[in-house]
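What follows is a single structure, written as structure tokens, with notes after it.
Numbering (my numbering), first residue to last: 109 to 498.
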């Protein structure tokens, strides 16, 4: 989609603001006309450059296209990815899933605590996790990036390409522009087989068991650990790792490189999950979305807490990307996970008939988790906030 003052744009949906009217740039991609990088499917945004001393903006665009192509994924049949005005894709035979996530530096990640590659990874897996939460598998993605001139695009795309390759979701286009703050938007398609409905948030019923695919709180504990390390030795202890450096590194990795639960999402769908969501904003907040959509309450008996984390991290921290799901048949669910050679999901509670019941071990839970701060009509300057915790 062309950006302001961009003219015509080549690329698998990749467009952006461009300066200059003509010129041919030799390099990884040939630039013809008003800033079009022929054969790469990428068009440059004024102000976004690479900082590795290897040419300017358009040379960087060519390198990014080459980096993404190096993941090994290739168009199938008559599909066209990068290199035209839009991508051309074969429609899936089953249900098509479509999601998008926007990651903004300083809101969705502190660049003082992670690399640009980490930020790119996190932006990409946020959309992957949405696909997993529907019980689907990813198909393709488009990635739009805006950022200031100092942005090292090569490093940012190292993380995007690594996630794309690891989880089998090729980048088929996108957008590139200058901007005051680094922002990465990832739109992604996915699918579930024909005749297999996706798992929605709205299918839970009273009496369904509640399960989570693994311990919670590692990402929040990792963030606290990283902030404590950045503040220096005078800061309060960041996490309870009891001097265990490998454990501390694991918590930091959980924040910097979270893992989407793709296989677990498919197993949950095959195991008869009635509702599901990924834990991105915190267990209480995300389970609350399921409860609201399904018209049920929830009664938690126990919450598995990751090593080095605290219960508060597990309840309200978010970004673990574990899946929490409702299921009426625990036996079938466990069999599906065993058939996929996956660790069994952990039962944490039960759906109840009272939509107002949100409790843990008989104690009402305060609402909490990540929430962006908006006024009724405009984004608020404070960007985001956590609701009160107990």
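Cβ coordinates follow ideal geometry from the N, Cα and C atoms, glycine included.
All figures in this text were calculated on a predicted structure; none of them were measured in a lab.
Assuming residue 338 and residue 228 form a contact by the criterion Cβ under 8 Å, report the distance between their Cβ atoms to the nearest whole angstrom. The Cβ separation is near 21 Å, so there is no contact.
Taking residue 372 as part of the alpha helix (DSSP H), name the residues at either end of that continuous run. 370-378
Going by CA-CA distance only, name the one from 178, 180, 195, 179 that's closest to residue 186. Nearest of 178, 180, 195, 179 to residue 186, Cα basis: 195.
Cβ neighbours of residue 295 in the same chain (closer than 6 Å, five flanking residues each side left out): Within the same chain, residue 295 has close Cβ partners 208, 250.
Can you tell me whether residue 259 is buried or exposed? The criterion is at least 16 other CB atoms within 10 Å of its CB, across all chains shown. buried
Give the range of the alpha helix (DSSP H) segment to which residue 462 is assigned. That residue, residue 462, is in no alpha helix (DSSP H); it is neither H nor E in DSSP.
Inside the segment 280-368 only - alpha helix (DSSP H) runs reaching at least 4 residues: 326-339, 353-364
Residue 329 and residue 359: beta carbons closer than 7 Å? A contact, by the Cβ cut-off of 7 Å.
Considering residue 248, what are the terminal residues of the beta strand (DSSP E) in which it resides? 245-255
Consult DSSP for residue 272 and reduce its assignment to one of helix, strand or coil. helix
Taking just the CA atoms, how far does residue 272 sit from residue 474? Put simply, the backbone Cα of residue 474 is about 37 Å away from that of residue 272.
Inter-residue spacing [alpha-carbon to alpha-carbon] between residue 355 and residue 413: 14 Å
In whole angstroms, what separates the C-alpha of residue 420 from that of residue 371? Inter-residue distance for residue 420 and residue 371 is about 27 Å (C-alpha atoms, whole angstroms).
Bounding residues of the alpha helix (DSSP H) (the contiguous stretch that carries residue 386): Note, residue 386: premise wrong, no alpha helix (DSSP H); beta strand (DSSP E) at 383-386.
Buried or exposed for residue 198, please, with buried defined as at least 16 other CB atoms from any protein chain shown within 10 angstroms of its CB. exposed
With a CB to CB cut of under 7 Å and the five nearest residues on each side skipped, what residues in its chain are close to residue 450? Around residue 450: 371, 372, 375.
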